[in-house]
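Residue numbers (the numbering used here): -4 to 381.
A virtual CB, placed ideally from N, CA and C, is assigned to each residue, including glycine.
For clarity, every value in this text was computed on a predicted model and none was experimentally measured.
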């Protein structure tokens, strides 16, 4: 038993010594390899050049440095190129572009409207609108021409007296033209527009008066929420385009002139070359102007002038009427024959100065519904109640 134990213990001791020697040897090898790796790394960085490198000739050193520079260029050529490009761009911006004199364009604010339209046409810069609008409405010998604008490449409908008469397509600039081949019969017409997809109605409308005498005697009028503007004035006038049918003078010092003229235009009234009033002609070609002129002496001569004006305010027709003031009859009332398009409010405004006095006329004539009067109805006007 003792012999066996001794043998085992001795064998175990020799094995442990071998393991320790192997570990020390591996550690020495690892340290030697680490020293070699570190030496090589430092040589690469050229921090601690070895003695052999120091002893090399100058020519060998220069050749080695040249090879090192070439290797650096091969590795870093792209960043160097980008840096050069950035530098060149910076030089161009600072010294060339900023140094170039800038051109200053001065716009002429007094350019006429025609020149502005021609400029937009040449540049082909359309003015887009969200609501269908009218540009031109012309009355020709054989029909009419309607031009307007809306959104580009959209469908737009043309209505005449609230009835659909045509469907047109806008172009890339949002413009459209409607030109029917058949002429219109004499009378009054109202044009409006409706855009399709999305459905959009025009705010403005156009009133047309087609004359029986000649197309050049017709009227085209643009009606907007802010007022009206004549698109086409009559270029010729015929007998009956401006007629004074009746002159009333009340003992209150008020004169009322009624007559007929081209629809939707304006008439002005002057007495002895003194302006006294203005009125608009109705769609049915009737007008009435009432104005205070003071006391007119019986037996004296007075010159009454009625003028018809176009959209620019220019006088296109004149009627002169001279009369000798007769003696007043002393009647408290006068009479008025209702014409198409009349209403009690306008009649009261002309004769009684204020439209709110229409109830006086309605009461004197036993009219139950003041909104309902008839053409050729004879009304008694109580002027003494004014």
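For residue j and residue i, believed in contact at Cβ under 8 Å, the rounded distance
i	j	result
residue 253	residue 378	Incorrect: roughly 16 Å between the Cβ atoms, too far for contact.
residue 214	residue 229	6 Å
residue 182	residue 205	6 Å
residue 150	residue 197	With a Cβ gap of about 14 Å, residue 150 and residue 197 do not count as contacting.
residue 368	residue 362	7 Å
residue 131	residue 142	4 Å
residue 303	residue 260	6 Å
residue 226	residue 201	7 Å
residue 177	residue 138	6 Å
residue 371	residue 333	6 Å
residue 133	residue 169	In fact, because the Cβ distance is near 20 Å, the residues do not count as touching under 8 Å.
residue 244	residue 291	6 Å
residue 374	residue 342	7 Å
Own chain residues within Cβ distance below 8 Å of residue i, not counting five before or after
i	result
residue 238	254, 255, 256, 314
residue 172	140, 141, 142, 163
residue 175	138, 139, 160, 161
Distance, residue j Cα to residue i Cα
i	j	result
residue 295	residue 317	11 Å
residue 146	residue 273	40 Å
residue 322	residue 293	5 Å
residue 22	residue 71	40 Å
residue 335	residue 188	28 Å
residue 152	residue 340	36 Å
residue 249	residue 199	37 Å
residue 376	residue 359	8 Å
residue 35	residue 76	32 Å
residue 83	residue 32	44 Å
residue 140	residue 156	16 Å
residue 158	residue 164	18 Å
residue 240	residue 212	21 Å
residue 233	residue 210	12 Å
residue 190	residue 207	32 Å
residue 14	residue 28	21 Å
residue 185	residue 308	23 Å
residue 74	residue 86	19 Å
residue 30	residue 20	15 Å
residue 161	residue 220	25 Å
residue 195	residue 167	19 Å
residue 328	residue 180	42 Å
residue 320	residue 242	11 Å
residue 338	residue 135	34 Å
residue 270	residue 289	13 Å
residue 276	residue 357	24 Å
Assigned secondary structure, residue i (DSSP; H/G/I helix, E/B strand, else coil)
i	result
residue 171	strand
residue 309	coil
residue 315	strand
residue 358	helix
residue 183	strand
residue 34	helix
residue 85	helix
residue 464	Absent from the structure is residue 464, since the part of the chain shown begins at -4 and ends at 381.
residue 347	helix
residue 231	coil
residue 279	coil
residue 22	helix
residue 126	coil
residue 165	coil
residue 243	strand
residue 75	helix
residue 17	helix
residue 11	helix
residue 378	helix
Own chain, CB closer than 6 Å to residue i, minus 5 neighbours either side, in chain order
i	result
residue 278	183, 258
residue 300	265, 315
residue 11	none
residue 311	303, 305
residue 350	340, 343, 344
residue 352	343
7 Å CB neighbourhood of residue i in its chain, flanking five on each side removed
i	result
residue 306	224, 225, 228
residue 267	297, 298
Cβ of residue i within 8 Å of any chain B Cβ
i	result
residue 155	Any reference to chain B falls outside this structure, which holds one protein chain only.
>> With three or more beta-carbon pairs closer than 8 Å as the criterion, would you say the segment 340 to 349 touches the segment 278 to 294?
In response: The segment 340 to 349 makes contact with the segment 278 to 294, as at least three CB pairs between them are under 8 Å.
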